[in-house]
Structure formats: structure tokens, C-alpha cells
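Protein chains: 2
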Amino acid sequence: MKMIAKIHTDLPTKFGLPRQSGLVEELEGLIVFEPAYRDPEALRGIEGFSHLWLIWEFSEAKRTTWSPTVRPPRLGGNKRMGVFATRSPFRPNPIGLSCVKLLGVEKTPDNGTVLRVGGADLMDGTPIFDIKPYLPLADCKPDATGGFAAEKAGYSLKVDFPAELLAKVPTDKHAALKALLAQDPRPAYQHDPSRIYGFGFAGLEVRFRVEDNTLHVTEIEYQMI
Amino acid sequence: MKMIAKIHTDLPTKFGLPRQSGLVEELEGLIVFEPAYRDPEALRGIEGFSHLWLIWEFSEAKRTTWSPTVRPPRLGGNKRMGVFATRSPFRPNPIGLSCVKLLGVEKTPDNGTVLRVGGADLMDGTPIFDIKPYLPLADCKPDATGGFAAEKAGYSLKVDFPAELLAKVPTDKHAALKALLAQDPRPAYQHDPSRIYGFGFAGLEVRFRVEDNTLHVTEIEYQMI
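So the sequence lines, in the order shown, correspond to chains A and B.
For the first sequence, full-length UniProt numbering gives the first residue as 1, with consecutive numbering after it.
For the second sequence, full-length UniProt numbering gives the first residue as 1, with consecutive numbering after it.
1) Using the Cα positions of residue 95 of chain B and residue 201 of chain B, report the straight-line distance between them to the nearest angstrom.
2) Less than 7 Å between CB atoms is the rule here; does residue 228 of chain A satisfy it with respect to chain B?
3) Step through the CB atoms of chain B and report whether any lies within less than 7 Å of the CB of residue 229 of chain A.
4) Beta-carbon within less than 7 Å of residue 85 of chain A's beta-carbon, same chain only, minus the 5 sequence neighbours each way: which residues are those?
5) Could you please give me the residues that DSSP links to residue 160 of chain B through a beta bridge?
6) Please confirm if the region 18-36 of chain B is in contact with the region 111-128 of chain B, defined as three or more CB-CB distances below 8 Å between the two stretches.
7) So, is the C-beta of residue 156 of chain A closer than 7 Å to a C-beta in chain B?
8) Measuring CA to CA, which of A:6, A:81, A:207 is closest to residue 48 of chain B?
9) Consult DSSP for residue 51 of chain B and reduce its assignment to one of helix, strand or coil.
10) Report the residue from B:36, B:14, B:25, B:9 whose alpha carbon sits nearest the alpha carbon of residue 3 of chain B.
11) Given a limit of 8 Å on CB to CB distance, which residues of the region 67-88 of chain B reach chain A?
12) Helix, strand or coil, according to DSSP, for residue 168 of chain B in the structure here?
13) Measuring CB to CB, does residue 174 of chain A end up less than 7 Å from residue 101 of chain A?
14) Applying the 10 Å Cβ sphere with the 16-neighbour rule, what's the burial state of residue 74 of chain A?
15) Which residues share a DSSP beta bridge with residue 25 of chain B?
16) Tell me whether residue 16 of chain B sits in a helix, a strand or coil according to DSSP, three-state version.
17) What beta strand (DSSP E) runs, 3 residues minimum, are completely inside the UniProt domain "TsaA-like" (1-143) of chain A?
18) By the three-class DSSP mapping on this structure, what secondary structure does residue 147 of chain B have?
19) Under 7 Å, Cβ to Cβ, is there at least one residue of chain B near residue 43 of chain A?
20) Tell me the DSSP bridge mates of residue 186 of chain B?
21) Just the Cα atoms here: how many angstroms apart are residue 170 of chain A and residue 176 of chain B?
22) Using 10 angstroms around the beta-carbon of residue 20 of chain A, count the other beta-carbons present and answer buried if the total reaches 16, otherwise exposed.
23) Comparing the C-beta of residue 188 of chain B with each C-beta of chain A, is any distance below 7 Å?
24) Please confirm if the region 129-147 of chain A is in contact with the region 182-199 of chain A, defined as three or more CB-CB distances below 8 Å between the two stretches.
25) If we cut at 7 Å on Cβ distances, does residue 132 of chain A have a partner in chain B?
26) For residue 1 of chain B, collect the residues of the same chain with a Cβ closer than 8 Å to its Cβ; drop the 5 residues on either side in sequence, then sort them by chain order.
27) In the DSSP assignment, find the unbroken beta strand (DSSP E) run with residue 195 of chain B in it and report its ends.
28) With 16 other CB atoms within 10 Å as the buried threshold, where does residue 196 of chain B fall?
29) Could you confirm whether any beta carbon from chain B is found closer than 7 Å to the beta carbon of residue 95 of chain A?
30) Count the other CB atoms, across all protein chains shown, that sit within 10 Å of the CB of residue 119 of chain B; report buried if there are 16 or more and exposed otherwise.
31) Does residue 49 of chain B have its Cβ less than 7 Å from a Cβ in chain A?
32) Does residue 148 of chain B have its Cβ less than 7 Å from a Cβ in chain A?
33) Please confirm whether residue 207 of chain A and residue 219 of chain A have their CB atoms less than 7 Å apart.
34) What does the Cβ neighbour count give for residue 9 of chain B, buried or exposed, with the cut at 16 atoms within 10 Å?
35) Roughly how many angstroms separate the alpha carbons of residue 6 of chain B and residue 161 of chain A, rounded to a whole number?
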């Protein structure tokens, strides 16, 4: 399987990643093709599609063995489901599937033609195997039922983001960061209201705690480069 | 990339395959897991989902080189589009993506637990790399635009299937075969009304010709085994 491109996002680690693609549309990513696949002709006609599929590698989740069951964080991390009934990264083949919005096809001086996408749930630097157009006729199933994954669909947190901390975040990143925080970036459903969590975002380290149904941002630090 | 399963369908070759998954829901497939992945625990909870994603190998379309553009049959076979703007089998990585309906999770004496699915656009014997649940929240984009692929969306043929030929087809295969024929199984948009085309289906050889907007079945033969 060849890496055809890499995606660049504001999330340097798996912490803070949205639970599914499309949940945080404000989150932008830039798809940069590898030199061998950097041909604008390969994208001819792609601007006619509003959404794309990314098929990518769970590059941080490679294992030599596989387990038939996994514990989805959505179920509190204490209930096992069959791996093929989940989108868990820990599966026989480390393949991820994400639907993203196509925001732009852009020519750059250094990286050739790149794709700007919204709603990606991928870590910065994730290798991409394939890009396909989203075909509403074949892919959109409005009558589909979502199994256990649908149960927590409406779940979100209130976000308390003190103005002096928000001021440390570039303005064009406010919406994405707030949306990321609202979807509860805690690793599983841990419930210690005094515990401070943190994750990297757009060169910042974001720290917060969660009490009842509110996430309080406690610190914004600039990351060392 | 490991083959975790194979799908069994009524289509022994690429001729006659639906152009996309879901277009011919009557077409049933049986997913049989490889012995190393034949663990019913890996499917725990999957029955809660109405639809699944199959990520599979274009096993008949492997090439050592790639072309940045392809000619989609939907556009008459004479217009080139960027490979990433199509679902063409000829792409840098031979990965297929199909949404299918989950019809049943069944225990068999010989093959362990298998999945029965509807609407598969896969050749008999196609290797499967991964199975993921369809998550309506993340995957269903009712506002998506379908680019050039949407233009021919409503296209179908009338089917003239003489009763004496239809009688040679097992009754439970009638609906699927008629639906397959209606979606025009000609290789590209060839328009010679006298030309006879044929493809294998469920152990039969189906022959037909197309005049104006009607497909006439001309022969049904039993295939040698």
C-alpha cells in the first residue's frame, strides 16, 4: 500500500481528535501529495464534489496481533464490542475511513496542488492511501441505523473559555477549538472533576478540566518548537 | 494488507457489475471470513447497524503504474477525469469502497459466522480488507453534491425479458437480474443495436442486446462448471 499524500492538521497527537469525521467541520486540514503523485491532472473534476472520502493509515495504531473485541470510548470504555462493529483504530488492517468537506483546490509554490478539507478527524502527518469522491446516490443512506454509536450522538459539553486565555489563540482557530472542546476530548469517560487534561492544538497546549457538564479551560501555553 | 474475508456474489467477472454499491439492492452477497479472522466475537453488536462499509481489493485491476486520469464509463468512455475525482478501479492503491445493507448475521456449519449483505458491487471472490459500521451521523451527507457522477443518476433501461428465458433463472434471482440489466451492463456506452453482449450471473450466461432505450434478453445458458 503506497502513501499517496499526507494530511496536515492542527492536532499533533491523537489526544483531542474528534471522535468521527465531520463532527467538527471548523477543523481544517491540508492534503499534500507525495512528489510521485503530485500531478494536478489527477484532481481534474474533483471541485465538482462537495465531500470526499479519505482512506488512510492508523499510523499510530499498528499492532502485530489483533483482538476480536475493543472497548469504544463512546460506551464509557468498559463495554466490549466486536472490532468490525466499531471504527476503532485497533483492527486487523490499520485502515481509517473519513468523510471530509472539500473546501478548496489550491496551487502552492512549494507543494504543488493541495486540497483544503474541513471536518477531518486525522492526526497531523497521517499517511493517506486513497481519495475518492463522495457519491450521494451510493453513499448517503438517510434511513441507516447507527447501532450503539447513535446512543451518544447528541452528547456535548458546555465550554467555559476565559477571555484572557482565548486571547492567546489565533482568531481563525477559535471556532474549531471551541467545537473540539465541546465534543469532550477526555480519553475515556473519566469523571474526576479536579483532573487536568491537556492536548496540543495549532502549536498550543490546551489544558482543561470537566465538572458536571461543563468544560473549563484552565491554561493555554505556547508549545516549544 | 491482510485479506480478512472474501465475498461471494453471483457475478463471476467484472462484466455486469453494478456501477456503484447500493444501486442494485436485490443483489445479495455472502461475506466469509478467513480462518484467522473467523471469530464471532469480532462481530459483536454489528446487527445493530443497518449498513456496513466494505473496504476491499480491486484484485482484477492491479497495475504497477498509475495514470493521473481515467475515462469513466458514466461519461461515455471518451472524457478523461482525474483519478481522485472518480471511483475507477485503476488508481495508485487498488482499494475499493462500498456501502452495503446488512441483511443477516448467520451461523454456518462450514464457514463459521458469515454476513449476508445486499447491494454489493463486488465480483465473486473479491478479497476484503476491512468491515466498518456505517455511522449515519458521520457518513450521511444529504447536502453533498455529486459532481459529474450525478448527471447520469436517473439513467436506466427498460428490460424485455421473454418468459421462456426468465423461466431458466431461479425465481429468487429474478429481481436482482432484472435490476442489474436495467442499469445497463454494457462495457461503455456502445450503441450498436445488433451487438450481443453477455455476462455470467449465478451460474448462468446472460446474453442481450440494447436498442433505443430497451434491453432485450436474447439467451440464457447454463454455464459449465
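Note that the Cβ used here is the ideal one computed from N, Cα and C, for glycine as well.
Reading from the atomic positions:
1) 24 Å
2) Nothing can be reported for residue 228 of chain A, as the shown portion of chain A is limited to 1 through 225.
3) In the structure as shown, chain A starts at 1 and stops at 225, and residue 229 of chain A therefore has no counterpart that could be examined.
4) 147
5) B:216
6) yes
7) no
8) A:81
9) Strand, per DSSP.
10) Closest in alpha carbon position to residue 3 of chain B, among B:36, B:14, B:25, B:9, is B:36.
11) 68, 69, 80, 81, 82, 83, 84, 85, 86, 87
12) Coil at residue 168 of chain B, not helix or strand.
13) no
14) buried
15) Answer is none; residue 25 of chain B lacks a bridge partner.
16) Of the three classes helix, strand and coil, the one that applies to residue 16 of chain B here is coil, per DSSP.
17) 5-8, 28-33, 51-57, 95-108, 112-118, 126-133
18) Residue 147 of chain B: helix per DSSP, three-state reduction.
19) yes
20) Paired residue(s): none; residue 186 of chain B is not in a bridge.
21) 56 Å
22) By the C-beta density criterion, residue 20 of chain A is buried, having at least 16 other C-beta atoms within 10 angstroms.
23) no
24) no
25) yes
26) 57, 129
27) Where residue 195 of chain B is concerned, there is no enclosing beta strand (DSSP E), given that its DSSP letter is neither H nor E.
28) exposed
29) Yes, its Cβ sits closer than 7 Å to a Cβ of chain B.
30) buried
31) With a threshold of 7 Å between beta carbons, residue 49 of chain B makes contact with chain A.
32) yes
33) Yes. Within cutoff.
34) buried
35) 50 Å
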